[in-house]
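Colleague:
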Amino acid sequence: MEIYSKEELDNQRAERKRAKIVMAAVSAAALVFCIVMFCVVSPVNEKLCRTLAIIAAVLAGCIDIYIIGFILPYIRPDSFYKPGTGKAARIFKNIARQLLLYIMWGIIAGLLVSFVFDRITDTVPAKKITIFADVPEVHSAELEAELGKDLPEGIKMVKAHTFSYSMFGMVGDNQSDIFIVKKSDVEEYIENFAPLSEFLAPRDIFHYYMHDGVPYGVLVKSSGPGIAASYIDYEEGEEYYMFFGKLSPHPGTDGAAAYIAERLLLLR
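Residue numbers (the numbering used here): 3 to 270.
(1) So, are the CB atoms of residue 160 and residue 236 less than 8 Å apart?
(2) Do you know whose CA, among 100, 115, 23 and 101, lies nearest residue 49's CA?
(3) Can you tell me whether residue 58 is buried or exposed? The criterion is at least 16 other CB atoms within 10 Å of its CB, across all chains shown.
(4) For the pair the stretch 252-260 and the stretch 208-222, tell me if three or more CB-CB distances fall below 8 Å.
(5) Write down every uninterrupted run of the alpha helix (DSSP H) in the stretch 137-180 whose length is 4 residues or greater and which is fully enclosed by it, in chain order.
(6) DSSP three-state label for residue 24, please.
(7) If you measure between the beta carbons of residue 177 and residue 251, is that distance less than 8 Å?
(8) Determine the closest residue to residue 98 out of 118, 72, 184 and 122, with distance taken between C-alpha atoms.
(9) Does the Cβ-Cβ distance between residue 233 and residue 140 come in under 8 Å?
(10) Once the 5 residues before and after residue 16 are set aside, which same chain residues still bring their CB inside 8 Å of it?
(11) Count the other CB atoms within 10 Å of the CB of residue 230; is the residue buried (16 or more) or exposed (fewer)?
(12) Any idea which residues DSSP pairs residue 216 with across the strands?
(13) When you compare the CB positions of residue 266 and residue 149, do they come within less than 8 Å of one another, or not?
(14) Give the range of the beta strand (DSSP E) segment to which residue 119 is assigned.
(15) Rounding to the nearest angstrom, what Cα-Cα distance links residue 264 and residue 134 in this structure?
(16) Please state the DSSP three-state secondary structure of residue 134.
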């Protein structure tokens with residue numbers, strides 16, 4: 003049975019109170035920081051905001067776990083410990099004892115914060131224009147920010163991805179809007195595309211990709227740099243065509259997909 007003096011008991015109560023205050027302050031600070039990150043996130047800074055919010059949530063949770071698991075139940079006077087057992091050594095042993103718990107919280111916190119960011123930075127197909135490009139790299143954040151400067155009514159954002167982001171972008175029930183495809187791959191995906199006339203009116207300057215005698219795509223890169231070359235890294239020596247998804251929720255020559263495509267065609 004452990005017997006403590008009144009002074010030691012008072013010190014323990016005071017230390018528990020301080021630990022609770024620290025826990026509440028750290029949790030509140032992390033929550034406020036995450037909310038700020040949620041509010042200021044944009045396509046350009048999304049990765050940084052997401053990373054910082056996850057770090058804040060993980061650190062705050064680990065501090066709370068440590069306080070709840072070891073400080074509140076096990077506060078002891080220094081005389082209780084063996085000689086030579088410093089505070090740093092005690093902290094390290096306590097952390098090592100429940101290392102798995104900290105790892106689990108890190109995973110959970112990352113998933114929770116990412117879930118919130120996904121809800122903030124994405125939306126339903128009816129409220130966004132989705133672009134998929136059959137290229138090695140798309141500078142998505144910069145392209146989304148540029149096209150997001152002037153959005154049609156009812157559209158909240160533009161999302162741009164490479165095909166490698168999700169092959170779901172090319173199956174029949176997908177609702178993506180605009181596709182940039184290299185000529186050698188077009189026939190593999192052509193059944194997913196709508197005739198070009200459903201979105202863009204014919205123009206003399208267009209060079210078309212014909213399918214069954216009907217224009218389906220418009221040439222966007224031949225020997226030159228291609229449209230939006232500052233944002234899209236094309237494969238050298240390949241021709242690329244732009245198509246529209248046949249299940250796009252924004253059909254019509256006056257629809258949102260056509261409007262964003264027109265802007266995309268003007269980008270260099």
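Think of the CB as a built atom: it goes at the ideal place given N, C-alpha and C, for glycine as much as any other residue. Keep in mind that this is a model prediction, so the values were computed, not measured.
Modeller: Put simply:
(1) For the purposes of this step, residue 160 is taken as residue 158 along the sequence shown, with counting starting at 1. For the purposes of this step, residue 236 is taken as residue 234 along the sequence shown, with counting starting at 1. Not closer than 8 Å, so no.
(2) The residue you call residue 49 lines up with position 47 of the sequence shown. Checked all of 100, 115, 23 and 101; the closest Cα to residue 49 is 115.
(3) One-based indexing of the sequence shown puts residue 58 at position 56. Per the 10 Å Cβ criterion, buried.
(4) no
(5) 142-149
(6) As a working mapping, residue 24 is identified with position 22 in the sequence shown. Three-state DSSP puts residue 24 in a helix.
(7) The residue labelled residue 177 in the question sits at position 175 within the sequence shown. The residue labelled residue 251 in the question sits at position 249 within the sequence shown. Against a cut-off of 8 Å, the Cβ pair of residue 251 and residue 177 comes out as a contact.
(8) In the sequence shown, counting from the first residue as 1, residue 98 sits at position 96. Out of 118, 72, 184 and 122, 72 has the C-alpha closest to the C-alpha of residue 98.
(9) One-based indexing of the sequence shown puts residue 233 at position 231. One-based indexing of the sequence shown puts residue 140 at position 138. Taking 8 Å as the Cβ cut-off, residue 233 and residue 140 qualify as a contacting pair.
(10) Residue 16 sits at position 14 when you count from the first residue of the sequence shown. Around residue 16: no qualifying Cβ.
(11) For the purposes of this step, residue 230 is taken as residue 228 along the sequence shown, with counting starting at 1. Result: buried.
(12) Translated into the one-based positions of the sequence shown, residue 216 becomes position 214. Answer is 213, bridged to residue 216.
(13) In the sequence shown, the residue the question calls residue 266 occupies position 264. In the sequence shown, the residue the question calls residue 149 occupies position 147. Cβ distance < 8 Å, so residue 266 and residue 149 count as in contact.
(14) Translated into positions along the sequence shown, residue 119 becomes position 117. Premise fails: residue 119 lies in the alpha helix (DSSP H), 101-123, not in any beta strand (DSSP E).
(15) In the sequence shown, the residue the question calls residue 264 occupies position 262. In the sequence shown, the residue the question calls residue 134 occupies position 132. Approximately 16 Å between the Cα atoms of the pair.
(16) In the sequence shown, counting from the first residue as 1, residue 134 sits at position 132. DSSP places residue 134 in strand when its eight states are reduced to three.
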